[in-house]
Structure formats: C-alpha cells, structure tokens
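Participant: Heads up: the sequence lines are chains A and B, in that order. The first sequence begins at 1 in the numbering used here and counts up by one. The second sequence begins at 1001 in the numbering used here and counts up by one. Where a beta carbon is used, it is the ideal one built from N, C-alpha and C, also for glycine. Shown below is the structure under consideration.
Protein chains: 2
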Amino acid sequence: MNDEPNGRRQFLKSLGLAAAGAATLNVDAAAPMGRGDVRRWDLETDLLIVGSGVAGVSAAIEARRSGIAALMLERQHLPGGSSGISGGVCYLGGGTPLQKALGFDDSVEAMLGYMLAASGPYASTDKIQLYCEQSLEHFDWLVANGVRYAQKYSDEKEISIPDGSLYHCGSERAWPFRERFKPAPRGHVPPSEHLTGGRELMRALLAAADALGARLIVNAEAQRLIVETDGRIAGARIHLDGKVRHVRARRGVVLAAGGFIHDAEMVKTYAPELAACSTPWGRAGDLGIGIRMGIAAGGATLRMHHGFVITPMYPPETILRGIAVNAAGQRFTPEDGYYGMVGHDIAYRQNGRAWMIVDADSAYGWNDFRLPVAAEAADIATLEKTLALPDGALLQTVDYYNRHAEHGRDPLFHKEAKFIAPLKTAPFKAYDLSTQHAFTPAHTFGGLHTDLDARVLDAWNEPIPGLYAAGRSSAGLPVAPYIASGVSIGDGSFFGRRAARHAARA
Amino acid sequence: MNDEPNGRRQFLKSLGLAAAGAATLNVDAAAPMGRGDVRRWDLETDLLIVGSGVAGVSAAIEARRSGIAALMLERQHLPGGSSGISGGVCYLGGGTPLQKALGFDDSVEAMLGYMLAASGPYASTDKIQLYCEQSLEHFDWLVANGVRYAQKYSDEKEISIPDGSLYHCGSERAWPFRERFKPAPRGHVPPSEHLTGGRELMRALLAAADALGARLIVNAEAQRLIVETDGRIAGARIHLDGKVRHVRARRGVVLAAGGFIHDAEMVKTYAPELAACSTPWGRAGDLGIGIRMGIAAGGATLRMHHGFVITPMYPPETILRGIAVNAAGQRFTPEDGYYGMVGHDIAYRQNGRAWMIVDADSAYGWNDFRLPVAAEAADIATLEKTLALPDGALLQTVDYYNRHAEHGRDPLFHKEAKFIAPLKTAPFKAYDLSTQHAFTPAHTFGGLHTDLDARVLDAWNEPIPGLYAAGRSSAGLPVAPYIASGVSIGDGSFFGRRAARHAARA
Chain A
1 MNDEPNGRRQ FLKSLGLAAA GAATLNVDAA APMGRGDVRR WDLETDLLIV GSGVAGVSAA
61 IEARRSGIAA LMLERQHLPG GSSGISGGVC YLGGGTPLQK ALGFDDSVEA MLGYMLAASG
121 PYASTDKIQL YCEQSLEHFD WLVANGVRYA QKYSDEKEIS IPDGSLYHCG SERAWPFRER
181 FKPAPRGHVP PSEHLTGGRE LMRALLAAAD ALGARLIVNA EAQRLIVETD GRIAGARIHL
241 DGKVRHVRAR RGVVLAAGGF IHDAEMVKTY APELAACSTP WGRAGDLGIG IRMGIAAGGA
301 TLRMHHGFVI TPMYPPETIL RGIAVNAAGQ RFTPEDGYYG MVGHDIAYRQ NGRAWMIVDA
361 DSAYGWNDFR LPVAAEAADI ATLEKTLALP DGALLQTVDY YNRHAEHGRD PLFHKEAKFI
421 APLKTAPFKA YDLSTQHAFT PAHTFGGLHT DLDARVLDAW NEPIPGLYAA GRSSAGLPVA
481 PYIASGVSIG DGSFFGRRAA RHAARA
Chain B
1001 MNDEPNGRRQ FLKSLGLAAA GAATLNVDAA APMGRGDVRR WDLETDLLIV GSGVAGVSAA
1061 IEARRSGIAA LMLERQHLPG GSSGISGGVC YLGGGTPLQK ALGFDDSVEA MLGYMLAASG
1121 PYASTDKIQL YCEQSLEHFD WLVANGVRYA QKYSDEKEIS IPDGSLYHCG SERAWPFRER
1181 FKPAPRGHVP PSEHLTGGRE LMRALLAAAD ALGARLIVNA EAQRLIVETD GRIAGARIHL
1241 DGKVRHVRAR RGVVLAAGGF IHDAEMVKTY APELAACSTP WGRAGDLGIG IRMGIAAGGA
1301 TLRMHHGFVI TPMYPPETIL RGIAVNAAGQ RFTPEDGYYG MVGHDIAYRQ NGRAWMIVDA
1361 DSAYGWNDFR LPVAAEAADI ATLEKTLALP DGALLQTVDY YNRHAEHGRD PLFHKEAKFI
1421 APLKTAPFKA YDLSTQHAFT PAHTFGGLHT DLDARVLDAW NEPIPGLYAA GRSSAGLPVA
1481 PYIASGVSIG DGSFFGRRAA RHAARA
C-alpha cells in the first residue's frame, strides 16, 4: 500500500547527520492555496503528516496499520520533535500491566477524577474521559510498537533511579486530590539515565513507523494547506531542497508540528505569561507553523494562553519542607504539588513572582543553578526586610506555619506529613522562584480546536474535511495548570493514532 | 454619495417597534462563500457594517464623513447593541475640555502609564498609545457628533449624582497606581439617571449617523463572508425577511457584532472563568457571530478567555472598609480598586471564590441583592468556623489588618486612608463574593486580532484585504483585568472610526 518507493532511504538518511535545516522561504500570501493554483503534484500520499514528534509518528504507525500510506514531513534534520528531548513520560492508568506488576491498584474512575479535578475549568471533559477509558489499550499499543518499560517503581516526585519506569508524576498524593481520588503512580517512562526517556520512546516509535513502511522526509518545511473548492483539504505546499513542492494527501493532512514556544513574537502575543519564563522548552521547530496553517484554513484555536510552567524545585524533595510565599508574604499553593502546578500558580496567579523560604535543614546543600538565592539571613525578620515584603507579613506566615507544623499539621495546604517541618534552624534562605529568574522551562499548550477524532473544528464546531491536528498543534488534554508529566506525550500519541484511524476509514 | 435610497426610511422604522428578530437559519457550511457562488448582489454599499453598537455606528459616521456609503446591519429589532444598555462611559484623558473645565490636570503620559501598568502583560501597547495620544481629538469627535457632557464631577467610585459627567472610573487612586501615575478622573459619561448613560450616548451617535445618510437595516442577520478568489472580502451573505440575501461591500466589511457572552457553549469553551459568573451581561445579540465569520475567513483571535467580571460592592463606598479574603482566609487584592479589577482577581486567580468581611460599621445597612450574606457572627472566630476557613487563618488576617488599621496603615494593599478602619464592632458578616452567587456581570473581551487600522489579521499578522473588526468582535484595549469603566466603549468608537477611515482611503 505504500506508494513512496524512496521512503525507506529517506528515513534511514534522516537518522544520520543530514544537511542543516533549509532556509526559510517567505510565504507570499498567508491564506491557504486553492487547488486550482496547483499545476502538478510533486509528491502523493494518503495521509500527510506535518511533524515527526510523538503525535506525528503515532499517526504514521496507525496509518500503516490501517493500510494507508503515510508521509511524515520534518522541518529539522532529525525526526522526533520536542518529544525526543522530553522525559518521555506517558500518563497511563486504570490498572496497566506495569501498575499491576508493581502492586498498584488503579481504576479508570480514579484516573478520570484526578485529571478532571486537577485540570480545572479548561479541562476537555470528553477527551479526558475517552483517554482514561482507553488507557489500557493505549499502553498495549505502545508496547506493541516497541516501547519498553522496566518493572521498577520510583517513590520520589521525580524519577530518581536510572531504571525506574513508574512513578507518581502529578499531584495525586497532594491535597486536595489525595482525599478525593485514590492516588496511583501513572507516570510510565522507558528506563533511561538523566531523564532522557523521550529519546528511548521516540527511538522505538520511529523504528516501528519505519518497519511498517511509513515515509519520512527531513528538512522539509510545510508552508500552506491546499484547499479544494468544496473546502476539503487536498494537500500542502512545502519547501524542500530549495524548491517549492506540492504534496497531495488523498486521505487528509495531520498537523502535528508542535507548539510555538520558540516563536517569541507569537508567545508574547498569545501567551505573555509564558513569554516571561526564563527557559523556552522544546525543539527549535516549535514555531507554530501547524497552528498557523490551521488558522488560515478556518480552524478555531483554543487556550492559546496556556502552557506548562515548570518550577523544578525537586529533587531533592527535602526542599518541600520549606514554604512558597508571594509578594504579600503569604503562602499560596501546596508546595508538594507537581512542579507544573506550583509553576502555574506562580506564572498565572502571582504575576510570576514568588520565593521559597527554607531553613538550614530544608535548603539545598549546594548552590543550585535552578533557584538563585534572593536573600539569606539569621532570622525571618531580616529575610522579610531584605525581600521588601510588607511589614510583619512573612513573620506572621512563618509563625503560623511553624505553630501548626510543630504538631504535624498544615491547615492551609495540607502538605504530606513528610514535608511538614517547622522552619527553625538558621540560616534562613529565600530562593527566587520567579519565572524570570529561576530555571523555569515553559512550553505552549494552545492550539487548534479538535474533536475526539482529532479533526480540526471551525468556529461553528464543524470539522474541516480532511484536516486533523494532534499533539501541541492542537488544544488537547494538557491545559494550565499542567497536572502531571506525561499528559502531553500521552495526548499526542493517543490523538495522533485517532487521526490516522479516522482518515483511513473516512 | 449614499446610494441606498431606502436608508432613511429603514432607519426611522427601526427606532419604533419593529417585528421580532428573524428566526435563525441554519448555515449550510461554515466556510466563507466564494464570490463565484454569488449569482447576483441583492444590496450594495461601500462599507458594510455588521452590528450597530458604538463600534458599528462610529464606523458608519466616519464612513459618511469620509464620503463613502455605509450600511449597518443589526440582528435585533432595535439598534444600539450592548453599548445601548451600558453605562455609556468613555475613558478619555490627557486634558479634555471637560477635565479642564472641572479643574483637573491630566496628561497623555499619566493616562498611558496607568492603562499600560494596570492592564498587565496582555496590554495592546501600540493601540493604547495611539488611543491616549488621540484622546482629545476623540473627545471632540464625540461632542461634534452630538454626545453631550455636563460640567459636573462626581467624587465617588461610581457616579452618584444624575447629572454627574466625570469621575474616577478605574483604579487610578488605588495602590500601586496612584504612586506611579498622577490620578485623574477619566470617566466621561453623558448625564443620565440610574447609570443609563449608554442610552444617551447611542441615541446621539445613531442620530448623527442617520443625519449623515448612513443606512441601517434591523432584523438582519449576517451569516457568512463572501470572498473573492484573490482573498479579498467582497461582502456578506445575510438573512433578511425570511430570505437569503447577498450584500456587496465595495470598500470592505466591518465586523462590529459584539462579543459572545450570550452563546453559552462558546463561553464555556473559550472563557470558562466567565461561564461561572452569575450574570451574562450584554444585549441578546452578543452571540459571537462576528468573531466566527472572521475566524472562518482565516482571521486570528486573541485573548478569547478574557472578559470583564464585575463585583459591584459599591456604592456605598463604606463597604470598602471591610476586607476581601480567599479560601485560605487571606486578603488578595486592594479592596478599593475598580470593581472590575477585584472581580478579575476573584474569577481568574481565586477560582471564583471569596468573601467580603465587614463589621457593623462597614456592612450595608440593608439586605442587598448584590451580595448574599454567607455568614454572620458575634466574633471573627465563629465567622471563620462558619465559612470553614483554615484553623485560625481569618483570625490572623483580621488581627493583622486591625493592628495596622489602628494606625491608619494597610501594609498589604495600601487602601486609601478613608477606607482603612479596624473591624471591631459586632456583628461581623461575610458577604459571598463568589462569581457564582454574587451579582456578577460578565462580558467577553476576546475577539479578532486587528491592527491599528482595525484590519483583521491572519495567523502571520498580515491583514485580510477588505476585512475590519472593532468593538468586542475584536481584541482591543480591554483585557483582563478590566482597568476602568469606559475602556471598552472608548475602544469601540475609536477603532470603529479608524476602520471606516482606512476603508475610505484604501
């Protein structure tokens, strides 16, 4: 069924060192091209996939498994997208074989409950429900396509052992969620050193796509969609080897080109809270091209201001015995929540400013590049003055916290018992948690509005024929606050698959 | 120049009682129509304006003053849009004749400084700057078109006298702005009883448009834009008198159809914080049709999650001697800020939940429909328990506030001196400030991305030829937080004018 004879050669070439990314051509008009303006098709396929991250490769695999041809275009010289440099965590649950093998009970209801409650008012309820219901099948699919997990659980908030493959990767054990939904470890990650599970994940999936006959072209820059007079998406105009090429997509186009964290103007325009973060996070291809192509075709966008904002205080977890305070000297979040939820509160609710107040027992034992020291003092009153906090505010906050911590209680935010300890031992420090100064990776979540089959929807919620989006080119499961590692990767592989399955039967 | 002979008759008819709004036709496809599908034009004009609120009528006036024909389409049976039921405040400054006549100094710099600082990271810097620089001309234009102001200043935070025409309508006198930018009253409002200045404003502007020969058709429902093969907007398909009609717009189309607060699904999808508010605020025509038509034509949208959230505690101002607290029993905002800024903090930063804690001296002297009483007690400890706040948290907050208030100080949020008073006299009350339970008007601010000439921009920030948007169909000056009454009305009239001026010379 694969009608691109050069697919395999191109694919293998891409795994080695290839030419640097093609120079950007100016797009002469931003609107989609009419089909009538295409004089000939330079390439043809069934499913054209823009991008080769986890969403793109999952679409490619599923297209081939459904018996249709698939062509992935990758703008960079290597495939894998931001997924390849991610932690490679996939949020799965409801009783996966790995959870069971390691002795953890989980249910679809508990997983669904946590995801909905933690995601807040922007949660895509229907998508989350489907995702949870099909999580076991999703796990099986990953394994069937070569993703390997080790039977090893890591109990810390960040995977702390090289062969750890399962951990509590969100706020499941933090208040208030632990009281409402039975916590379970749902972070499934291929074993790796130094949190490079994304490389293992993508190596497996790209190899599976290749083995199944999916084609990949690197250094190929998609520019505009091509639209039939009846509105159906017919293909795309791309830039390849210094030339403009027209690619016909008989079954549709999947926009899986990632987010836009590396287009500074776009971030500033759409997501200023993310623009203030110190560390745009993602591969260089996260330039919003997929989202832009979809908008030009009449696609609606959702949650363009959302993204993850990570305030990676841990490891080590001991720092969570401290308290995070805002510009009024008040605590504002459960410090032992997922670092994406803490980061969200700082970026979106505290104007990007906060400090972590620690004593000698909870401080890092070294100078840590992640969090600059904003102040250090022998007592809290001096710390408060140095930070220019309101008169007596920090003193009162620490006093209240300590008073209750002495009895193992945290009435404000109910940290886990192991993180509750009075701040008593000088010197005291204030780490700068501001999104601008702390090491604060940020990535965009806003994108094209899609349905359960990953079809791009217009402003009336009607699908645009032949157009799909998945991963961070779409508005999917991940919202602000980001509730757990692995939700974005999981969303990409889940809805990338669904796009291809729909295209194959449409 | 006006080539619609029936304009005046239609216009006058619209001022009386007319037939109820036309039933909604299903739009058979959401994409814009191709010009080739239009067999004949049923109506022709130079500038077609969808909507007759302040943005639409300002465009109509300016079109006529620039010598081109203008046709306003109004979906409802009466013109005026949400502007007509608004307070009619226009945010103007920099030394308007009214400010000067009433003895107030103001400068473009102070106005610009306040607007930028208060609006926060989403501020449209270029638009705000132009708006401030041309504020005097804007004032003159309103007056030249029949808008009348009385030489009477009102010193309270809400206009308290029927003939008051100038007041401090934002947070200019609240911390931290008063320390950085010289406060001035910038709320310009036609004198009226019961805050119905919008009726006076729109009566004047609609009469001016009529006198200048602009045409208005009511009960006319715009449905889709019509696009030439080269991408230029050629007109619109509308529904009128039970029939589909095609309207040619030789100079362009202005989408000025308001926001989408009355499309519940759209609000839930794009702006869930607003969906939780008790009182969707605006005329029934705020259904997002203008925004949708623009998206279908490839227009980008901005800030779709934004809107105003008003927590109208005052009048009377005496209630501002109380303190607003969140679910952790902490204060979180200067209570004496503009009620749109307080509402913003509750809706967007406190999960929609807060309480106003007052004593007998600061409580309303009556049962007020705006704020339900959540708890009443003889002491703060009991109030805290009734509200189920964390153990001792409210006690500590009140204690800290009182301790400093005794000396006329408010270290946390620096309320104006007249609002600082210890809470000492029983009974104590907690008013429910939650967006769900309190009277909380909400309106949308998200819309089409436009440039300084109100041209709709695509995803590459390029203007779509012949397409304009103004008022709440566009993303303009008003953002979340909403910084002052009159910014939305002022934005509509200012950029509605600019759209028409550009269309006339393009």
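Flag this pair as touching only if the segment 1194-1212 of chain B and the segment 1268-1279 of chain B have three or more C-beta atom pairs under 8 Å; answer yes or no.
Facilitator: no
Participant: Please list, in chain order, the residues of the segment 1283-1294 of chain B that have any C-beta partner in chain A closer than 9 Å.
Facilitator: Shown in chain order are the members of the segment 1283-1294 of chain B whose Cβ falls below 9 Å from a Cβ of chain A: Gly-1288, Ile-1291, Arg-1292, Met-1293 and Gly-1294.
Participant: By the 10 Å Cβ neighbour count, where 16 or more other Cβ atoms means buried, how is B/Asp-1230 classified, buried or exposed?
Facilitator: exposed
Participant: Cβ of B/Leu-1255 less than 8 Å from any chain A Cβ?
Facilitator: Not closer than 8 Å to any Cβ of chain A, the Cβ of B/Leu-1255 fails to qualify, so no.
Participant: With a Cβ-Cβ cutoff of 8 Å, do A/Gly-352 and A/Ser-434 count as a contact?
Facilitator: Closer than 8 Å, so yes.
Participant: DSSP state of B/Ala-1022, grouped into three classes?
Facilitator: With a pLDDT of only 31 at B/Ala-1022, under the threshold of 50, the placement of this residue in the model should not be trusted; the figure read from the coordinates follows. B/Ala-1022 falls in the coil class under three-state DSSP.
Participant: Which ranges would you report for the beta strand (DSSP E) in the segment 276-347 of chain A if only whole runs of at least 3 residues count?
Facilitator: 307-309 and 323-325
Participant: Per DSSP, what kind of secondary structure is B/Ile-1217 in: helix, strand or coil?
Facilitator: Three-state result, B/Ile-1217: strand.
Participant: Where do the ends of the beta strand (DSSP E) carrying A/Arg-250 lie?
Facilitator: 243-255
Participant: Under three-state DSSP, which class holds B/Ser-1474?
Facilitator: strand
Participant: Whose C-beta lies closer than 8 Å to the C-beta of B/Ser-1124 among residues of the same chain, with five residues either side of it excluded?
Facilitator: Ala-1475, Gly-1476, Leu-1477 and Val-1479
Participant: In this structure, does DSSP put B/Tyr-1131 in helix, strand or coil?
Facilitator: helix
Participant: Starting from A/His-443, follow its DSSP beta bridges and name the residues at the other end.
Facilitator: A/Phe-308
Participant: Please name the residues in the segment 1231-1246 of chain B whose beta-carbon is closer than 7 Å to at least one beta-carbon of chain A, in chain order.
Facilitator: Of all residues in the segment 1231-1246 of chain B, Gly-1231 have a Cβ within less than 7 Å of some Cβ in chain A.
Participant: May I ask you to check if the CB of A/Ile-217 is nearer than 7 Å to at least one heavy atom of the ligand NAP?
Facilitator: Summarising the ligand content, the structure contains no ligands, and the ligand NAP is consequently not present.
Participant: Within the 8 Å Cβ cut-off, does B/Trp-1175 reach chain A?
Facilitator: So no, B/Trp-1175 is outside the interface.
Participant: Quick one: give me the first and last residue of the alpha helix (DSSP H) that A/Ile-380 is part of.
Facilitator: 380-386
Participant: Give me the Cβ distance between A/Val-253 and A/Tyr-468, rounded to the nearest whole Å; I'm assuming they're in contact under 8 Å.
Facilitator: 7 Å
Participant: Below 6 Å CB to CB, which residues in the same chain sit around A/Gln-99 once its five sequence neighbours on both sides are set aside?
Facilitator: Asp-106
Participant: Going by DSSP in three states, A/Glu-200 sits in which element: helix, strand or coil?
Facilitator: helix
Participant: Quick check on DSSP: helix, strand or coil for A/Ala-271?
Facilitator: coil
Participant: Would you kindly check if the distance between the Cβ of B/Met-1341 and the Cβ of B/Ser-1171 is under 8 Å?
Facilitator: yes
Participant: Counting contacts by CB-CB distance shorter than 8 Å, is B/Asp-1458 in contact with chain A?
Facilitator: yes
Participant: Report the residue from A/Ala-257, A/Leu-302 and A/Pro-191 whose alpha carbon sits nearest the alpha carbon of A/Gly-446.
Facilitator: Out of A/Ala-257, A/Leu-302 and A/Pro-191, A/Leu-302 has the C-alpha closest to the C-alpha of A/Gly-446.
Participant: For A/Leu-457, which of helix, strand or coil comes out of DSSP?
Facilitator: DSSP, read as helix, strand or coil, puts A/Leu-457 in strand.
Participant: Beta carbons nearer than 7 Å to chain B: which residues of the segment 341-354 of chain A have them?
Facilitator: Arg-349
Participant: With a Cβ-Cβ cutoff of 8 Å, do B/Gly-1322 and B/Val-1358 count as a contact?
Facilitator: Cβ distance < 8 Å, so B/Gly-1322 and B/Val-1358 count as in contact.
Participant: With 16 as the cutoff for other CB atoms within 10 Å, does A/Arg-40 come out buried or exposed?
Facilitator: exposed
Participant: By alpha-carbon positions, which one of A/Pro-390, A/Asn-402 and A/Thr-397 ends up nearest to B/His-1524?
Facilitator: Because chain B is modelled from 1001 through 1506, residue 1524 of chain B falls outside the range shown and cannot be assessed.
Participant: What would DSSP say about A/Gln-396, mapped onto helix, strand or coil?
Facilitator: helix
Participant: Specify the secondary structure class of A/Ile-233 as computed by DSSP and reduced to three states.
Facilitator: strand
Participant: Taking B/Tyr-1114 as part of the alpha helix (DSSP H), name the residues at either end of that continuous run.
Facilitator: 1108-1119
Participant: Which residues in the same chain have their Cβ closer than 6 Å to the Cβ of B/Ala-1222, if we skip the five residues on either side of it in sequence?
Facilitator: Val-1050, Leu-1073, Ala-1236 and Ile-1238
Participant: B/Leu-1412 touches chain A at which residues, Cβ-Cβ below 7 Å?
Facilitator: Ala-328, Pro-390 and Ala-393
Participant: Rounded to a whole number of angstroms, what is the C-alpha to C-alpha distance between A/Ala-442 and A/Ala-296?
Facilitator: In a straight line, the C-alpha of A/Ala-442 is about 26 Å away from that of A/Ala-296.
Participant: What does B/Gln-1396 reach in chain A if we use C-beta pairs closer than 8 Å?
Facilitator: Under the 8 Å cutoff, chain A gives Gln-396 and Tyr-400.
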